[in-house]
Amino acid sequence: MNVFRLLGDVSHLVAIIILFLKIFRSKSCAGISGKSQVLFALVFTTRYLDLFTSFISIYNTVMKVVFLVLSYATVYLIYLRFRSSYDSESDTFRVEFLLVPVAGLSFLENYDFTPIEILWTFSIYLESVAILPQLFMITKTGEAESITTHYLFFLGLYRALYLANWVWRYHTEGFFDQIAVVSGVVQTIFYCDFFYLYVTKVLKGNSKLTLP
Amino acid sequence: ADESVDHDEL
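Line by line, the protein sequences are chains D and W. Residue 892 in my numbering sits at position 53 of the first sequence, with consecutive numbering throughout. Residue -11 in my numbering sits at position 6 of the second sequence, with consecutive numbering throughout.
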């Protein structure tokens, strides 16, 4: 555990909590892509199957359970509890265009051809593109509430910090997880345009993000 | 596979 990894995990947790509380407190999921949230729930489900097969640490187990519970709770808020506020007309990204290639790739390029390992690989690949429905929705509507942009900022920052963690681990322990690193770079690239808008617009005091 | 790959990251 190094500082980049810890800050990355904290950033990830902060992002998920921001989104959950935003929906819970405002009793509305307006502007939020339910499809992205279902994909993230799928990411955690397929990645954390090792909760049943291997124990790494109390920290690891607790974080996995928290991520799983919060991701499903968020999906519940969007599709059941506050369904009337869900903007399905703007959430039109075709997720099968992500799921099919990602599933195919996880069978082709993995560390071990076993169900649990293929599902882990699937989760890594899927995570790198899971935010696309949300970004697509913002592009389509041309705006996002600032609280939504804070969520996206911390979610993007998390994987960027993991990149620093992987550089650190490579130099200190020779650790190199090619699948995670390549996917992590791809994932972070998707956020770059957003990071630019976040810094130049939201942090300059605009109440919401409007696209030029 | 005789040995499972260890993923210690989240």
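Ideal Cβ placement from N, Cα and C applies to all residues, glycine included.
Residue 1041/D (DSSP reduced to helix, strand or coil): The answer is helix: DSSP assigns residue 1041/D an H, G or I state.
Check whether residue 929/D and residue 987/D have beta carbons under 8 Å apart: Residue 929/D is not a Cβ neighbour of residue 987/D, given a cutoff of 8 Å.
Contact belief for residue 846/D with residue 1000/D at Cβ below 8 Å, rounded distance in angstroms: 5 Å
Counted within 10 angstroms of its Cβ, other Cβ atoms place residue -16/W as buried (16 or more) or exposed: For residue -16/W, the predicted structure reports a pLDDT of 41, less than 50, and the residue's modelled location is therefore unreliable. A value from the coordinates is still provided. By the 10 Å Cβ count, residue -16/W comes out exposed.
Exposure of residue 1031/D, with buried meaning 16 or more beta-carbon neighbours within 10 Å: exposed
Residues near residue 874/D in its chain [Cβ-Cβ closer than 7 Å; skip 5 each side]: Closer than 7 Å at Cβ, skipping near neighbours: 930, 932, 934, 972.
CA-to-CA distance, residue 891/D to residue 1039/D, given in whole angstroms: 44 Å
Complete alpha helix (DSSP H) runs within the region 988 to 1041 of chain D (minimum length 4 residues, chain order): 1017 to 1039
Three-state secondary structure assigned by DSSP to residue 982/D: strand
Within chain W, the residues that residue 959/D reaches when beta carbons sit closer than 7 Å: -10
Selected residue, minimal CA-CA separation from residue 939/D, among 969/D, 950/D, 886/D: 969/D
C-alpha gap between residue 901/D and residue 945/D, whole angstroms: As the crow flies, the alpha-carbon of residue 901/D is around 27 Å from that of residue 945/D.
Beta bridge counterpart(s) of residue 1048/D as assigned by DSSP: 983/D
Residue range of the alpha helix (DSSP H) that includes residue 870/D: Careful: residue 870/D lies outside any alpha helix (DSSP H) and carries neither H nor E.
contact_flag[the region 867 to 884 of chain D, the region 904 to 913 of chain D] where n(CB pairs < 8 Å) is 3 or more: Judged by Cβ distances under 8 Å, the region 867 to 884 of chain D makes contact with the region 904 to 913 of chain D, as three or more pairs qualify.
Where the alpha helix (DSSP H) containing residue 947/D begins and where it ends: 935 to 947
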